[in-house]
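Numbering (my numbering), first residue to last: 537 to 744.
Backbone N, C-alpha and C fix where the C-beta goes; we use that ideal spot for every residue, glycine too.
Encoded as structure tokens, the structure appears first; notes follow it.
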């Protein structure tokens, strides 16, 4: 379990210059933690949702020049991939840790998922104010839920439904200064609490 304690060294990986150098640091420093989280939380989702979930640790294999600015482990009920499905993620940017539920542009039925969320928007509006929403998984920026509960939420969900590149992420961003202060048990509790709060959204999307 001590591998799940985050440090400044983990976040500083994304400030290392050069693809090979950053990937070496990512593989030695951060990926073992994602592997461990993958084991822990795939079992969490499997038990809570009644179907087998699999962990997918980002490999960044297609990169040939630019080093990755973030990395993650994703969870989905398909062994061979996750991007085409609604999925959960734990990951890092240099500035923060993220714990989110995501529908990205590769999901072929995202228009139906958006429609179900629009029909159940109150479920999103009831989320804690320290949650965030985003419309772009490639950007570290996000909107605090307390600022998004009216117009911005509609805007993001309509874009998810109508625009090919539309995406929707919801969850928590933890600034690195706070993340490195979390004990192993505090971090575990925070992730479990966040994902438990997000499970009803997944169920609505899957019509469960």
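| Check | Outcome |
| --- | --- |
| Quick one: what's got a C-beta closer than 7 Å to residue 537's C-beta in the same chain, skipping five residues either side? | Legend: pLDDT at residue 537 = 43, less than 50; position of this residue unreliable, value from coordinates given subsequently. Here the set comprises 720. |
| Less than 6 Å between C-beta atoms, sequence neighbours within five positions excluded: which residues of the same chain meet that for residue 634? | 627, 709 |
| Kindly provide the ranges of any beta strand (DSSP E) runs that are 3 or more residues long and lie completely inside the segment 682-739, ordered along the chain. | 704-711 |
| At 3 residues or longer, what runs of the beta strand (DSSP E) sit wholly inside the segment 597-622? | 606-612 |
| Return the Cβ separation of residue 602 and residue 555 in integer angstroms, given the expectation that the two are a contact with Cβ distance under 8 Å. | 7 Å |
| Rounded to a whole number of angstroms, what is the C-alpha to C-alpha distance between residue 698 and residue 640? | 13 Å |
| Find out if the Cβ-Cβ distance for the pair residue 608, residue 676 is shorter than 7 Å. | no |
| Identify, in the order they occur along the chain, each residue of the same chain with its Cβ nearer than 6 Å to the Cβ of residue 541, setting aside the five sequence neighbours on each side. | 720 |
| What separation, rounded to the nearest whole angstrom, lies between the Cα atoms of residue 647 and residue 702? | 9 Å |
| Rounded to a whole number of angstroms, what is the C-alpha to C-alpha distance between residue 723 and residue 687? | 32 Å |
| Going by the DSSP bridge assignment, what does residue 670 pair with across the sheet? | 705 |
| Whose C-beta lies closer than 7 Å to the C-beta of residue 695 among residues of the same chain, with five residues either side of it excluded? | 671, 702 |
| Are the Cβ atoms of residue 673 and residue 643 separated by less than 7 Å? | no |
| Return the first residue and the last residue of the alpha helix (DSSP H) that residue 570 is part of. | 567-585 |
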